[in-house]
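Step one of this worksheet: look at the structure below.
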Amino acid sequence: MKKVRSNLAHCAGSELVDDIRLRPGFIRRLTALTEDLDYDPATLVDRPKPVLPRQPPLAALAALTKGIALQLCITLIFLAQTQPRKTLGKGALLKIKIDGSDTDPIGLVDLLAVPGSHNPSEESTYNSNSRENRKRQIRSGFIQLDRLGLAELPTGGRKGAPRFNTVHLNEDARPTAAGAKRYTPPRSTARVVTIPPEFFLNGWVHALSKSEIAMWLMLRDLSQRPDASLPPDKLHIRGRNRLLQYDLSRAVWDTHARLEEFGLIVVHKDPNRRPNGTTIDGDRAQPHFFELRDAGLRQNGLSTVLSNLADLQARKSA
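To convert, take the position in the sequence shown, counting from 1, and add 324; that gives our numbering.
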């Protein structure tokens with residue numbers, strides 16, 4: 325992880341941008357769903373979570389049970405905004421290859437903390453190692469991005485397999501009448517959701533789970549929306565709106581407890597609420613309110629998460 329952080333800092337350069345900018349449509353639906361036409365209000369519950377149309381890319385990526393497609397996607401956005409000329413060519417052609425070369429020694433495999441353990445088998449006839457396993461996971465991530473419309477992989481490989489040497493990044497998962505809209509960094513005047521660079525440079529992008537990243541980005545969007553009327557220490561969203569706007573499950577919402585333990589947010593709970601969810605006075609409990617704590621991003625993401633997990637394990641064993 326330390327080497328990955330160093331490589332990301334090297335690629336970002338000395339003149340780092342103030343913030344990484346995500347288009348709001350990556351995080352939430354910009355066009356509201358229509359009751360009875362797009363969804364049945366009777367089924368708008370968390371368990372089971374309904375299948376709704378026009379799922380935002382973030383929700384689709386967070387719902388993937390395996391792989392690093394979400395981390396790959398937002399890392400590519402980071403690179404495209406910190407070093408646009410080195411990252412993207414004409415038509416958003418990705419210049420950074422999966423593996424490095426003599427002329428460009430740093431590849432994506434050096435910029436992503438991909439879990440790639442290797443257990444060699446005596447019976448195996450294939451030459452493999454942990455680096456090759458990590459490269460395979462990155463290729464799988466690109467395939468997932470291609471299926472979601474966030475990247476385009478030309479075919480032409482063996483048996484019609486995709487080729488990874490000419491990857492184009494797309495701005496949106498939904499193509500226009502003219503075809504896919506290639507990715508470009510948002511203009512300075514565009515409405516965006518900002519992410520501090522420390523989220524990437526201190527390893528949080530790789531230390532957090534997909535669900536934790538999705539919850540954190542939803543809170544960032546809630547705090548920065550042009551129609552936001554909530555104070556920064558009282559961010560809140562009803563379950564119904566979470567589903568309709570962000571398409572994120574209750575399981576994603578529940579990660580707020582871990583994000584608070586990691587020091588990335590503060591959760592303001594009803595003081596009358598007991599640990600089991602009931603209230604002292606018997607009245608209906610007030611909802612949780614959230615507050616972003618970006619100072620926490622200055623800490624080493626992996627060390628913070630591992631330390632927290634160790635403390636949790638110690639408490640369970642006590």
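Note that CB positions come from ideal geometry on N, CA and C, so glycine has one too.
Pick from the options that is closest to residue i, judged by C-alpha positions
| i | options | result |
| --- | --- | --- |
| residue 543 | 510, 531 and 588 | 588 |
| residue 635 | 586, 334, 379 and 430 | 586 |
| residue 362 | 351, 374 and 521 | 374 |
| residue 590 | 458, 488 and 616 | 616 |
| residue 437 | 472, 487 and 524 | 524 |
| residue 567 | 376, 477 and 334 | 376 |
| residue 473 | 486, 337, 479 and 496 | 496 |
| residue 565 | 368, 350 and 335 | 368 |
| residue 630 | 513, 619, 594 and 582 | 582 |
| residue 358 | 610, 637 and 569 | 569 |
| residue 407 | 638, 332 and 427 | 332 |
| residue 627 | 439, 385, 427 and 532 | 532 |
| residue 340 | 584, 403, 385 and 350 | 403 |
| residue 471 | 577, 385 and 490 | 385 |
| residue 435 | 420, 413 and 427 | 420 |
| residue 537 | 577, 552 and 556 | 577 |
Contact set for residue i: own chain, Cβ-Cβ below 8 Å, skip 5 residues either direction
| i | result |
| --- | --- |
| residue 575 | 535 |
| residue 433 | 422, 423, 424, 455, 458, 459 and 462 |
| residue 526 | 329, 621, 622, 623, 624 and 625 |
| residue 334 | 430 |
| residue 479 | 485, 486 and 487 |
| residue 528 | 522, 588, 621 and 625 |
| residue 337 | 406 and 407 |
| residue 556 | 547, 615 and 616 |
8 Å contact criterion, which residue i and residue j should meet: CB distance rounded
| i | j | result |
| --- | --- | --- |
| residue 493 | residue 418 | 6 Å |
| residue 530 | residue 325 | 7 Å |
| residue 520 | residue 405 | Actually they do not touch by this definition, with Cβ atoms about 13 Å apart. |
| residue 592 | residue 539 | Not really, about 16 Å apart at Cβ, beyond 8 Å. |
| residue 379 | residue 545 | Not a contact, Cβ separation roughly 15 Å. |
| residue 466 | residue 475 | 6 Å |
| residue 486 | residue 515 | Between residue 515 and residue 486 the Cβ distance is about 33 Å, and since that is not below 8 Å, they are no contact. |
| residue 573 | residue 370 | 6 Å |
| residue 548 | residue 513 | The pair is not a contact, with the Cβ atoms about 15 Å apart (cut-off 8 Å). |
DSSP-derived helix/strand/coil call for residue i
| i | result |
| --- | --- |
| residue 449 | Residue confidence is low: residue 449 scores 43 on pLDDT, short of 50, so the model does not pin down where it sits. No coordinate-derived value is stated. |
| residue 288 | Absent from the structure is residue 288, since the part of the chain shown begins at 325 and ends at 642. |
| residue 490 | coil |
| residue 417 | strand |
| residue 479 | strand |
| residue 442 | Residue placement at residue 442 is flagged as unreliable, the pLDDT there being 44, under the threshold of 50; the coordinate-derived value follows with that caveat. Reduced to three states, the DSSP call for residue 442 is coil. |
| residue 467 | helix |
| residue 345 | strand |
| residue 579 | coil |
| residue 590 | strand |
| residue 518 | strand |
| residue 633 | helix |
| residue 647 | Summary: the structure shown does not reach residue 647, with the chain confined to residues 325 through 642, and so no result is reported for it. |
| residue 615 | strand |
| residue 559 | strand |
| residue 368 | coil |
| residue 567 | helix |
| residue 412 | strand |
| residue 496 | coil |
Other residues of its chain near residue i: CB distance less than 7 Å, five sequence neighbours each side excluded
| i | result |
| --- | --- |
| residue 468 | 388, 391 and 393 |
| residue 415 | 492 and 506 |
| residue 354 | 348 |
| residue 352 | 380, 545, 569 and 570 |
| residue 561 | 546 |
| residue 490 | 417 and 478 |
| residue 654 | The displayed coordinates of the chain run from 325 to 642. Any statement about residue 654 would go beyond what the structure contains. |
Residues near residue i in its chain [Cβ-Cβ closer than 6 Å; skip 5 each side]
| i | result |
| --- | --- |
| residue 646 | Beyond the ends of the chain as shown, which are 325 and 642, falls residue 646; an answer cannot be given. |
| residue 448 | In this prediction, residue 448 has a pLDDT of 46, which is less than 50 and means its spatial position is unreliable; nothing more can be read from the coordinates. |
| residue 618 | 520 |
| residue 464 | 391 |
Residue i CB to nearest heavy atom of the ligand COA below 6 Å
| i | result |
| --- | --- |
| residue 566 | No copy of the ligand COA occurs in the structure displayed, which carries no ligand at all. |
Beta carbon proximity, residue i to chain C, threshold 7 Å
| i | result |
| --- | --- |
| residue 540 | In the structure shown, chain C does not exist; there is a single protein chain. |
The stretch 393 to 411 touching the stretch 343 to 356, judged by at least three CB pairs closer than 8 Å: yes
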